[in-house]
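Q: In the working numbering, the protein residues as written are 4 to 627.
Ideal Cβ positions, reconstructed from N, Cα and C, are used throughout, including at glycine.
A single structure is presented below for examination.
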Ligand code: ADP
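Put into structure tokens, the structure is as follows:
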């Protein structure tokens, strides 16, 4: 017998599970049954596709039994793929998924107490240590001869040694601890199986002894005679829920299925069930989780949609079933037309798959749109979680751009909460030529921009695009419903609010712009007279093709070389500060004041003056 140490992350996970999931310890059974079902899925699939295992015949089943007397035990047995020595070592001695590891590392103390969060990534096998002081696994891999026994007390090590098992599959024997004793009885097991595992596709049998009392016969103590009958009863309904007729399914059925299959203790926000017949025949059942999956922004996120072919499970690890931006969607795609031995390569080029995928996207987006129109309250919840991925779609899914433009939401200078482009358009003033927005910074910085104030003063609404990807995305949009989108902090918007009177004034004030430009030298691209600013002396704007401050920061983070971007300084000729410059002959004073005006305008955009010392010296000079 060889004893081996758990990898450290397993030890951490064990600790975490035992201390955080305690209030919810019954989920261990769901986890073990789901592993058993996965193992049967794998064997079924290989028996249809794998050279070595083709034609392997077996009756899939899961058996659960327990001993009530003596040391109480609970046993979960499956006839799935099984594990050999190396599998036992790899699967039960380490945590394979790097996402899980990263997730664990990123949890704060508070989050560690949130069992729902932890449940989301499927704590799996180890959760059984909440109820067991010892776990024994006896397993035999399909197509191999020997069997193996894995055993551990969940402390720090486990052992593996040869064993006996007549058939392929795994038997998990839990020696229950005090916390687990309550599960060694028929009623609680039956309840738990119904509650969590009713939709498992394979029959789950419970073995128990039914006790009969015979009043007509007495035992030696004069009590009614007690006889035991050994029973094996199927507990779950074992049918693929998504294949049942919609009319036979209740809201509760859908929700239960979601919670059991996708590790979420919250109800989904909503779900969409489609049974398509015709050229391609398929069923999809999609769910939108109430909270965005924890790994939504990890590069190695786990895809949420499982692929079945004619009810045979194929994979839950295929990211291309839906486009990346819909990675928060959970659910099932079941096709009648794909071949069972569909490989990843085939999947990616398959015409049937492509048509299911594009129909699914249309269906999902269409449903989002319906909800946005008919159920604003629900849509607000949806947007709070998924606005950002939809914006990614705007960037990446050209074919659905029009729908996506109606789905995304932005903050606004005049309204609370989020607004749609459609709402913005309905509020546009007579003669207003463009949808105005400002982007490229944090919300509070953008909101307090003097440019936004200028537009507000003139009665125009400005969209505050403060999401980190807005900048990149919005530059690709161009227009919404034939109305152009225009950034008010870029040069192209300078003429927006200009009247003939303003143009005359511009001519008249040209000399002061020249004067400031000379004083600032190569710090600015140009100095222009504003017809928009009201209270502030100046604002900085960017050339139409220049990256914003935020975008520059992003490019720097990604290690890219960025050419120096010089701002345009827009000055307010009516401001007293600018008048002081206009009326001064003192070259040094003009230079100091011009520099402070520029630095102040940059500060307002969230940019620190590059030379703090010079900035404060200038300020002091001016103040004295
Ligand atoms: P997960 O199921 O999320 O991968 P688990 O900790 O539950 O994580 O299980 C780890 C791995 O152990 C599984 O991925 C699987 O390969 C293997 N495994 C667990 N239970 C069984 C079983 N009953 N039959 C075959 N393999 C199993």
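With DSSP run on the structure shown, which of helix, strand or coil describes residue 135?
A: Three-state result, residue 135: strand.
Q: When you measure from the CB of residue 173 to every non-hydrogen atom of the ligand ADP, does any distance come out below 7 Å?
A: It does: the Cβ of residue 173 is within 7 Å (strictly closer) of some heavy atom of the ligand ADP.
Q: State buried or exposed for residue 615, treating a residue as buried only when at least 16 other CB atoms are found within 10 Å of its CB.
A: Residue 615 should be labelled exposed.
Q: Run the CB neighbour count on residue 1, radius 10 Å, all protein chains shown included, and call it buried at 16 or more, exposed below.
A: Residue 1 lies beyond the range of the chain shown here (4 to 627); nothing can be said about it.
Q: Using a 10 Å radius around the Cβ and a threshold of 16 neighbouring Cβ atoms, would you call residue 391 buried or exposed?
A: Burial call: buried.
Q: For residue 406, report the span of its alpha helix (DSSP H) as first-last.
A: Start and end: 404–410.
Q: Residue 434 to residue 417, Cα distance in whole Å?
A: Cα-Cα distance, rounded: 19 Å.
Q: Leaving out the 5 sequence neighbours to the left and right, which residues in its chain are closer than 6 Å to residue 99 when beta-carbon positions are compared?
A: Since pLDDT at residue 99 reaches only 46, below the 50 mark, its modelled position is unreliable, and no value is offered.
Q: Here's the rule: buried if 16 or more other CB atoms are within 10 angstroms of the residue's CB, otherwise exposed. What is residue 101?
A: Residue placement at residue 101 is poorly supported in this model, since its pLDDT is 48, which falls under 50; the coordinates still yield a value, given next. Per the 10 Å Cβ criterion, exposed.
Q: Is residue 571 near the ligand ADP - that is, is its Cβ less than 7 Å away from at least one heavy atom of it?
A: No; taking the cut-off as 7 Å, the Cβ of residue 571 has no heavy atom of the ligand ADP nearer than that.
Q: State the CB to CB distance for the pair residue 75 and residue 192, rounded to an integer number of angstroms; the pair is presumed to be in contact (CB under 8 Å).
A: The Cβ separation is near 12 Å, so there is no contact.
Q: Give the single residue among 335, 183, 372, 329 whose Cα lies nearest to the Cα of residue 287.
A: Minimum Cα distance to residue 287 is reached at 335.
Q: Using alpha carbons as the reference points, say which of 449, 426, 583, 40 lies closest to residue 196.
A: Checking every option, the nearest Cα to that of residue 196 belongs to 40.
Q: Anyone know if the C-beta pair for residue 17 and residue 128 falls short of 8 Å?
A: Contact flag unset, no.
Q: Helix, strand or coil: how does DSSP classify residue 78 here?
A: Strand, per DSSP.
Q: Relative to the C-alpha of residue 210, which residue among 347, 471, 233 is closest?
A: That would be 233, whose Cα lies nearest to the Cα of residue 210.
Q: Mind reading off the beta-carbon distance from residue 135 to residue 141? Whole number of angstroms is fine, and I expect it under 8 Å.
A: In fact, because the Cβ distance is near 15 Å, the residues do not count as touching under 8 Å.
Q: Closer than 7 Å: is that where the CB of residue 554 sits relative to any heavy atom of the ligand ADP?
A: Residue 554 Cβ: outside cutoff for every heavy atom of the ligand ADP.
Q: Decide yes or no for the touch test of the segment 232–246 against the segment 318–337: beta carbon pairs closer than 8 Å, at least 3 of them.
A: Yes, the segment 232–246 touches the segment 318–337.
Q: Between residue 375 and the rest of its own chain, which residues show a CB-CB distance below 6 Å, the 5 nearest in sequence each way excluded?
A: Taken in chain order, the residues that qualify are 382.
Q: Taking 7 Å as the line, does the beta carbon of residue 77 fall inside it for any heavy atom of the ligand ADP?
A: Outside the cutoff, so no.
Q: Quick one: complete alpha helix (DSSP H) runs, 4+ long, within the segment 13–95?
A: Correct list: 30–52.
Q: So, under 8 Å CB-CB, residue 265 and residue 367 are touching, yes? Tell me the CB distance rounded to an integer number of Å.
A: At roughly 16 Å, the Cβ-Cβ gap does not stay under 8 Å, so residue 265 and residue 367 are not in contact.
Q: One question on the structure: do residue 516 and residue 467 come within less than 8 Å of each other, judged by their Cβ atoms?
A: Going by C-beta atoms, residue 516 is not nearer than 8 Å to residue 467.
Q: Could you check whether the segment 217–228 touches the segment 47–57, counting it as contact only if at least three pairs of C-beta atoms, one from each stretch, sit closer than 8 Å?
A: Segments in contact, no.
Q: If residue 208 sits next to residue 66, beta carbons under 8 Å apart, how far is it from one beta carbon to the other, in whole angstroms?
A: The Cβ separation is near 5 Å, so the contact holds.
Q: Going by alpha carbons, who is nearest to residue 170 out of 146, 592, 154, 189?
A: Out of 146, 592, 154, 189, 146 has the C-alpha closest to the C-alpha of residue 170.
Q: By Cβ distance, which residues of its chain are closer than 7 Å to residue 625, with the 5 residues on each side in sequence left out?
A: Answer for residue 625: 595, 596, 599, listed in chain order.
Q: Residue 42: beta carbon under 7 Å from a heavy atom of the ligand PLP?
A: Absence of the ligand PLP from the depicted structure is noted, with the ligand ADP being the only ligands included.
Q: Mind checking whether residue 530 and residue 608 have CB atoms under 8 Å apart?
A: Against a cut-off of 8 Å, the Cβ pair of residue 608 and residue 530 comes out as no contact.
Q: Please state the DSSP three-state secondary structure of residue 151.
A: If DSSP states are grouped into helix, strand and coil, residue 151 belongs with the strands.
Q: Does the distance between the C-beta of residue 205 and the nearest non-hydrogen atom of the ligand ADP fall short of 7 Å?
A: No, the ligand ADP has no heavy atom inside 7 Å of this Cβ.
Q: Starting from residue 478 and walking both ways along the alpha helix (DSSP H), at which residues does that stretch end?
A: Segment 473–480, the alpha helix (DSSP H) holding residue 478.
Q: If you draw a straight line from the alpha carbon of residue 205 to that of residue 428, how long is it in whole angstroms?
A: Near 54 Å, if we compare the C-alpha coordinates of residue 428 and residue 205.
Q: Can you find a heavy atom of the ligand ADP that lies under 7 Å from the Cβ of residue 1?
A: The question about residue 1 has no answer, for the chain in this structure spans 4 to 627.
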